[in-house]
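A quick write-up on the structure given underneath.
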Amino acid sequence: MTDLVTSPAPLPTSRLTDFWRVFRRNKMGLVGLFMLITIVFVAVFAHVIAPYDPSATHDVASSDIYNPPSAAHWIGTDDAGQDVFTNFIFGARVSLIVGFFAAFISVFIGGVLGIVAGFFGGRVENILMRFTDIMLVIPDLPLMVVIVALTKKPSLLNIIFVIGLLGWTTTARIVRSQTLAVKSRKFVLRARAIGAGNRHIIRHHILPLVMPILVVNAVLVVSLAILNESTLAFLGLGDPTAISWGQMLNYAFGRGAMSTGAWWALVTPGVGIVWVVLGLTLFGHGLEQVLNPRLETHHLMRPRPIVKHEATGKPLRHATRQRVPSEAPILIEVDNLSISYLTENKPPARAVENVSFTLREGELMGLVGESGCGKTTLMLGLLRLLPAAGQIVDGEVWFGDTELTALTDDEMEAVRWKGISIVFQGAMNALNPVRTVGDQIAEAIVKHNPLMKGKALEARVSELLDLVGISPEHKKHFPHQYSGGMRQRAMIAMALACNPKVVIADEPTTALDVMIQAQVLELLDSLRKKLGLSIIFVTHDLGVVAEMCDSVLVMYGGVTAEYSDVDTIYNTARHPYTQELLKAFPDLSQPDKRLASIPGYPPRLDDLPAGCRFAPRCPLAFERCHIEQPEIHQLSERHFASCHLVEKRV
Amino acid sequence: MQDYFLEVQDLKKYFLAGRPSMFNRAVEQVHAVDGVSLQLRRGEVVAIVGESGCGKSTLALTLMGLEEPTDGKIIFESKEITHANEHDRKLLRQRIQMVFQDPYESLNPTQTIGEIVGEPLDVHGLIHSKSERELKVVKALEDAGLKPAETYMHRFPHQLSGGQRQRVVIAGALVLEPHLLIADEPVSMLDVSIRAEILNLLADLRRTRQISIILITHDLGTVGYFADRIAVMYLGRIVEIGPTHEVLTNPQHPYTKALLSVVPVPNPRLRRERVILQGETPNPIHLPSGCRFHPRCPIVVERCKVEDPAYVETGESHQTACWMVGT
Amino acid sequence: MKRWRYLLGKIGWAFFTILFVLILNFFLFRVLPGDPARAGVHDPRLKKEAIEAIRVRFGLDKPVINCFESLNPIKIGSCDVNPLDTQFFIYVKNLLQGEMGISYHSNRPVVDILAERLWNTILLIGAGQILAILIGVVFGMFAAWKARTSIDYGALIISLVAWSLPTFWLGIILLFWGSNNGLPIGGMQTPGMSSQPFLVRAGDIARHMFLPTLTYTIVYMGEYMLIMRSSLLDVLSEDYILTAKAKGLSMFQVLKDHALKNAMLPLVTVIAINLGFTMAGAVQIETVFSWPGLGLAIYEAVNRRDFPVLQGAFLLIAIAVILSNLIADLMYSYLDPRVHTD
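Protein chains in written order, with the working numbering: chain A, 9 to 658; chain B, 210 to 536; chain C, 2 to 343.
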């Protein structure tokens, strides 16, 4: 939702240093890495660290058995009178060797199978994946037990092979689904189009994108292998000559450590296993967060409190109130609204700054701008539905006699949908896939009118669907059973459920085909006339605005560029951005016009230019534009523009 | 008879709708491209316009040889390439290149711009030294308007803006010096203010290098500035084809007329009556009988439901498939 | 229509998997070294004739399958054997009649031994799984809801640590602690309880169950918590959650009516896939706590080289996991309308 626009960043350094720079900030990953490094160190230098030689034979007196910790034996002795600390240190070696080698086998098999199955598809995939499915449901530890029990003498090598050869199933599945996902991406098609063969594509396009997931999975597989080895050893199926931590536990548990109260013999090896496995898990978790980062934010996080007159960093410039005068009463009046996104380690992104407009009864206002100009943020701000990082930092939103930014959360809930409802872009994602469409419409009605139930509710849902041209029997269907156009109609029906005064339509037709788009637009227009709705229509399509809207607010880089009635905007625009945008827009009625483009790209919201936000791309910019942000100037009763060029000389 | 640079004859591409299984042996067919004929001259730009599901993207992939045609013929530079073998196909790739819709998706995020643009050279073994590679990559980048090229070479796609990314895709196609460029919705994902610069870039390339371009788009608004001819597709077939000016100002097919009437015009003083077709494009599995447009056609007559219309000359190299034209 | 095809497909697939396991189970025991008869009947006092008699009794004198006298060492035999008179066919036939051979150790039919054990395992795993899922789901939900707060990090660390504990070791530690606090140290009931009234016996079993179930719960809840957390995080960032909020629903209503069911869907799949792993837990926990279930049967059979029991227990566990998977699939198709509607 934070629609920061990308632009050239500093030159990249090497990928490894990049990785380390990010990983370094991940505390869990660092702790895990530290735990792993220590244990690997212990395993490698076991001979130096261990106080005794584990292979040395010596006579065991009964007084040596299960001695508690002492100066000679820091953590006591075991059932054979041996030093537990020494065994613990050498046990690390065995566990790590088994873990790493078995995991290597598993990851290799799983990786190859997954890539082959995912990439080549068809019959190969079918057979391989069916086989994987079978292996996945067969419980692996019991199978390992059976196999190891059936091999005559369990040696370390056998155990490595058994664990390795049975542990590849999850890897294969994960790698396959990632391969499938990568394969369906356009750059693979592009590689085919330039003539690349399968080998080249796998090497240069599939592997680099599968690798991060494979690495994270490998860490998990190592830890599973270590757990499996210790379990097998504990069950008495280990190599009796290789004292692993599992083997130590097997001996201690089977030879009376419990009854003699020799906790040291039971606790110590377990701590070793937990140390390694936890280290791997934390490290894997950290890797995952770095390699496949995801924003851990969602729509139910506590919204930031509205703190006004803050975070913008400079004194606010209050422009004259902008009003488009007309007879109809005012429904919404937004006054100098400013919204910022606050992110860690970065200055706040001023996504919306000092935007004002009024919406009258029955008015259709177009909100126009390119992607990232803050138009969606502004609309979400109106409804106070900003993502967790978003914060209203200044301004007022009047809805009738109510100032929305001053309401409590509960009061705001009552305004939503009943007063102002919203139709989002992409109805597929805006409808819950596991509930019927009728149910989702009814839900909105019941929320704001709990008394409506049963037949009346059913009738109202049918009426709403009928209103948007969907036959009411479709109310029992799920969103995936609707076509794209129908879903958007259903969203509109839902938006009308509580007879709102204002409907915000946020790019409602962007993903639709031209003809379906025309159908939806016509529907909105007829509903407006029939129900006397006021609509805020958010779009980047200047043509649609010209055909439908009464007034237009053009936004650029989070600020108002120009605001007026539709005729003024299209015929006597004063802001250079509006003028350039119109030149760039194709017009079938003027086929001889040459399309112009605006050089450059929109500013990043967290790195705004010092002066006018449009100045770097503006053909008319002069010195002042790069230094000073222009105020919003009123040019006529109903025409506002923020540009130094329109300033009246006093 | 004129020698065409590219000639497509009655091209068909059907897909199976789902896999045959134990329960469902007779799988139905999706008629994605269903008898398309098209000729292209050297240096010409033809726009193929239609809504999603009309088969325009499948047509592009079939022309590229990324999909095997079910039936029909493709003749390119006087040689039939319909079912070219692997070796010929690889050589063809140097001459036919493609620009994809989504510049965010069509670049591998793990490669640098230099690697991406140079990749076709490596694949085809066209370069013999590092410096030669660099020279060609720099030239392609600068031809695509990314100057100075050195500042872009070592960046990753996510560090560029949408327009710059699309220029990288174009540079990757240019580096092979193709004769034909198939551009699949090259600007639909870009912001309005930078669409023109990409279209202008393509127009310049066509002028300076005599590259022929097939522009696949759903947007009748943009083609006027760019294409020599327009072909309108509906459900796998071209329903009207003709010179751009002709088709835009004097459309013959009712579908073309409807499409034109719903293109929004950015002038509030020109609000017009629009012909809005009801319903949605039927699925290409069960094609309607007769003329495939008849269930949605505003001027349908009995004959349309039974007989598939043939092409009628409705002007200078302007053809329309409709029973009602000229009557 | 679509739903029936889906269900039939799933059932057919489960059937096929069971068939695969049957065949695997048979050949594993013949391909790997250790002729069962020699391994099981290792008493040196037995005469050659006696061993032969036992081989006949266990059906080991017959060829393994057509063309193979035995598979380890591979001995090519006649291909003209009546296929009905091979070990493989007899194995399949016996299985169909519910016969799994006779235990080398106790001379009792394997089926009888396993039948007693099966329910004990189901009781233990069932209780442990339900508790683990409940706790995991609730905590995972809180962690996701309160993402990036200390509640979230706490839950995350607890689940990562729980995941890293070796099951048997946690069992040992808990047993060590429990035995010092008056809890029973093993088994399923105190000897001599069979004459007591039902409630007293149930209470006794519950006391015995406490530690194994606790072990089970701790080990598996971590994973469910992690999955629930990430699944709910995904769902909560979906657009339809924003729609629900825009409708004016309260936080609680959104969570209850829009997020939970959707977030549970992936969990059902993971629970199904995990069932195979949970059996690993059963083997370990039953061994530590001497709980007389299938897992302990496997442990004992391994130590006694009692191959018929091992073979039978493995088969039973595998089939149980496959069937539970099938149930999870069917449940999923019920929960997600995208599977069962056209």
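Beta carbons: idealized from backbone N, C-alpha and C, even for Gly.
These figures come from a predicted structure and were not determined experimentally.
- Item | Close Cβ partners of leucine 171 of chain C (< 8 Å) along its chain, the five nearest in sequence each way excluded | As a first step, residue 171 of chain C is located in the third sequence; it is residue number 170 there, counting from the start. Thr216, Ile219, Val220, listed in sequence order.
- Task: Tell whether a beta-carbon distance below 9 Å holds between valine 472 of chain B and glycine 551 of chain A.
- Result: Locating residue 472 of chain B in the second sequence gives position 263, where the first residue counts as 1. Locating residue 551 of chain A in the first sequence gives position 543, where the first residue counts as 1. Between valine 472 of chain B and glycine 551 of chain A, the gap from beta carbon to beta carbon is short of 9 Å.
- Task: Show which residues of chain A have a CB atom less than 8 Å away from the CB atom of isoleucine 290 of chain B.
- Result: By one-based count along the second sequence, residue 290 of chain B stands at place 81. None at all; the shortest Cβ gap to chain A is about 14 Å.
- Query: DSSP on threonine 289 of chain A, reduced to helix/strand/coil?
  - Reply: As a position in the first sequence, residue 289 of chain A is number 281, starting the count at 1. Helix.
- Item | Straight-line Cα distance separating phenylalanine 199 of chain C from proline 192 of chain C | Translated into positions along the third sequence, residue 192 of chain C becomes position 191. Translated into positions along the third sequence, residue 199 of chain C becomes position 198. Between proline 192 of chain C and phenylalanine 199 of chain C, the C-alpha separation is close to 15 Å.
- Task: Check whether the Cβ of glycine 249 of chain C lies closer than 9 Å to any Cβ atom in chain A.
- Result: The residue you call residue 249 of chain C lines up with position 248 of the third sequence. Contact with chain A is found for glycine 249 of chain C, since one of that chain's Cβ atoms lies less than 9 Å from the residue's Cβ.
- Going straight from the alpha carbon of leucine 350 of chain A to that of threonine 413 of chain A, what length do you get? Within the first sequence, the letter at position 342 stands for residue 350 of chain A. Within the first sequence, the letter at position 405 stands for residue 413 of chain A. About 18 Å.
- Message: Can you give me the C-alpha to C-alpha distance between threonine 319 of chain B and methionine 219 of chain A, rounded to a whole angstrom?
- Response: The count along the second sequence starts at 1 and reaches residue 319 of chain B at position 110. The count along the first sequence starts at 1 and reaches residue 219 of chain A at position 211. Distance between the alpha carbons of threonine 319 of chain B and methionine 219 of chain A: 11 Å.
- Query: Taking the alpha helix (DSSP H) that phenylalanine 139 of chain A falls in, what are its first and last residues?
  - Reply: In the first sequence, residue 139 of chain A corresponds to position 131, counting from 1. It spans 130-145 - the alpha helix (DSSP H) in which phenylalanine 139 of chain A sits, taken as one unbroken run.
- Between which two residues does the beta strand (DSSP E) carrying leucine 523 of chain B extend? The sequence position of residue 523 of chain B within the second sequence is 314, counting from 1. Residue identity differs from the one stated: residue 523 of chain B is threonine in this sequence, not leucine. First-last of the beta strand (DSSP E) with threonine 523 of chain B: 520-524.
- Query: Would the beta-carbon of leucine 316 of chain C fall within 9 Å of that of valine 282 of chain A?
  - Reply: Translated into positions along the third sequence, residue 316 of chain C becomes position 315. Translated into positions along the first sequence, residue 282 of chain A becomes position 274. In this structure, leucine 316 of chain C keeps its C-beta atom at 9 Å or more from the C-beta atom of valine 282 of chain A.
- Can you tell me which of B/Val254, B/His454, B/Tyr223 puts its alpha carbon nearest to the alpha carbon of alanine 241 of chain B? Working through the second sequence from its first residue, we reach residue 241 of chain B at position 32. For the residues B/Val254, B/His454, B/Tyr223, the minimum Cα distance to alanine 241 of chain B belongs to B/Tyr223.
- Message: Helix, strand or coil, according to DSSP, for alanine 144 of chain C in the structure here?
- Response: Along the third sequence, one-based indexing puts residue 144 of chain C at 143. Alanine 144 of chain C sits in a helix when the DSSP states are folded into three classes.
- If contact means a Cβ-Cβ distance below 7 Å, which residues of the stretch 537-558 of chain A contact chain B? Here the close residues are His548, Asp549, Leu550, Gly551, Val552, Ala554, Glu555.
- Message: Using a 10 Å radius around the Cβ and a threshold of 16 neighbouring Cβ atoms, would you call proline 458 of chain A buried or exposed?
- Response: As a working note, residue 458 of chain A is residue 450 in the first sequence. Exposed.
- Query: Span of the beta strand (DSSP E) holding threonine 426 of chain B?
  - Reply: Here residue 426 of chain B is taken as the residue at index 217 of the second sequence, counted from 1. If you look at threonine 426 of chain B, you'll find it in the beta strand (DSSP E) that goes 421-426.
- Is the stretch 294-311 of chain A touching the stretch 138-155 of chain C in the sense that three or more CB pairs, one from each, lie closer than 8 Å? Under the three-pair Cβ rule at 8 Å, the stretch 138-155 of chain C counts as touching the stretch 294-311 of chain A.
- Pull up the distance between the alpha-carbon of valine 441 of chain B and that of glycine 262 of chain B, whole angstroms please. Here residue 441 of chain B is taken as the residue at index 232 of the second sequence, counted from 1. Here residue 262 of chain B is taken as the residue at index 53 of the second sequence, counted from 1. Distance between the alpha carbons of valine 441 of chain B and glycine 262 of chain B is about 13 Å.
- Query: Between isoleucine 66 of chain C and the rest of its own chain, which residues show a CB-CB distance below 6 Å, the 5 nearest in sequence each way excluded?
  - Reply: Counted from its first residue, the third sequence places residue 66 of chain C at position 65. Thr87, Phe89.
- Task: Provide the residue span of the alpha helix (DSSP H) that contains threonine 458 of chain B, from first to last.
- Result: The residue given as residue 458 of chain B occupies position 249 in the second sequence. Per DSSP, the unbroken alpha helix (DSSP H) holding threonine 458 of chain B starts and ends at 453-458.
- Message: As a quick exercise: from B/Leu424, B/Gln419, B/Ile322, pick the residue whose alpha carbon is nearest that of glutamate 394 of chain B.
- Response: One-based indexing of the second sequence puts residue 394 of chain B at position 185. Comparing Cα-Cα distances from glutamate 394 of chain B to each of B/Leu424, B/Gln419, B/Ile322, the minimum goes to B/Leu424.
- Query: Does the count of Cβ pairs from the stretch 153-165 of chain A and the stretch 244-263 of chain A closer than 8 Å reach three?
  - Reply: Yes, the stretch 153-165 of chain A touches the stretch 244-263 of chain A.
- Item | Residue range of the unbroken beta strand (DSSP E) whose run includes alanine 440 of chain B | On the second sequence, position 231 is the one that residue 440 of chain B refers to. Segment 438-443, the beta strand (DSSP E) holding alanine 440 of chain B.
- What separation, rounded to the nearest whole angstrom, lies between the Cα atoms of proline 356 of chain A and arginine 392 of chain A? Within the first sequence, residue 356 of chain A is the residue found at index 348, counting from 1. Within the first sequence, residue 392 of chain A is the residue found at index 384, counting from 1. When rounded, the distance between both Cα atoms is 18 Å.
- How would you call histidine 495 of chain B, buried or exposed, if buried means at least 16 neighbouring beta carbons within 10 angstroms? For the purposes of this step, residue 495 of chain B is identified with residue 286 of the second sequence, where counting begins at 1. With fewer than 16 Cβ atoms within 10 Å of its Cβ, histidine 495 of chain B is classed as exposed.
- Residues in its own chain within less than 6 Å of serine 70 of chain A by CB, not counting five upstream and five downstream? Along the first sequence, one-based indexing puts residue 70 of chain A at 62. Spatial neighbours of serine 70 of chain A in its own chain (CB-CB distance under 6 Å, excluding positions within 5 residues in sequence) are not present.
- Taking only beta-carbon atoms, is serine 429 of chain A less than 9 Å away from chain C? Counting from one through the first sequence, the residue named residue 429 of chain A turns up at place 421. So, interface residue.
- Task: Enumerate in chain order the residues of its own chain whose CB-to-CB distance from valine 654 of chain A is below 8 Å, with the five nearest sequence positions on each side excluded.
- Result: Position 646 of the first sequence, counted from the first residue, corresponds to residue 654 of chain A. Correct list, in chain order: Arg582, His583, His641, Leu643.
- Query: Among C/Asn263, C/Glu70, C/Val255, which residue has its Cα nearest to the Cα of leucine 233 of chain C?
  - Reply: In the third sequence, the residue the question calls residue 233 of chain C occupies position 232. Closest option to leucine 233 of chain C, judged by alpha-carbon separation, among C/Asn263, C/Glu70, C/Val255: C/Asn263.
- Query: How close, in whole Å, do the beta carbons of proline 475 of chain B and phenylalanine 593 of chain A come, if the pair is a contact with beta carbons under 8 Å?
  - Reply: Locating residue 475 of chain B in the second sequence gives position 266, counting from the first residue. Locating residue 593 of chain A in the first sequence gives position 585, counting from the first residue. Under the criterion of beta carbons closer than 8 Å, proline 475 of chain B and phenylalanine 593 of chain A qualify as touching, at roughly 5 Å.
- Any Cβ of chain B within less than 9 Å of the Cβ of serine 491 of chain A? On the first sequence, position 483 is the one that residue 491 of chain A refers to. Proximity of serine 491 of chain A to chain B, defined by a Cβ-Cβ separation below 9 Å, is satisfied.
- Message: Closest to glutamate 277 of chain B by C-alpha separation, out of B/Tyr313, B/Lys221, B/Ile284, would be which residue?
- Response: Taking the first residue of the second sequence as 1, we reach residue 277 of chain B at position 68. Taking only the C-alpha atoms, the option nearest glutamate 277 of chain B is B/Lys221.
- Going by DSSP, name the residue or residues bridged to arginine 368 of chain A. Residue mapping note: residue 368 of chain A aligns to position 360 of the first sequence, counting from 1. Paired residue(s): A/Ile338.
- Task: Output, in chain order, the set of chain A residues within a Cβ distance shorter than 8 Å of tryptophan 5 of chain C.
- Result: Along the third sequence, read from residue 1 onward, the residue named residue 5 of chain C stands at position 4. Chain-ordered listing is empty here: chain A has no CB closer than 8 Å to the CB of tryptophan 5 of chain C, the nearest sitting near 18 Å.
- Message: If you reduce the DSSP assignment to three classes, tell me which class proline 110 of chain C lands in.
- Response: Taking the third sequence and counting its residues from 1, the one referred to as residue 110 of chain C is at position 109. DSSP places proline 110 of chain C in strand when its eight states are reduced to three.
- Query: Within 10 angstroms of its Cβ, does valine 522 of chain A collect 16 or more other Cβ (buried), or is it exposed?
  - Reply: Numbered from 1 along the first sequence, position 514 holds the residue referred to as residue 522 of chain A. It counts as buried.
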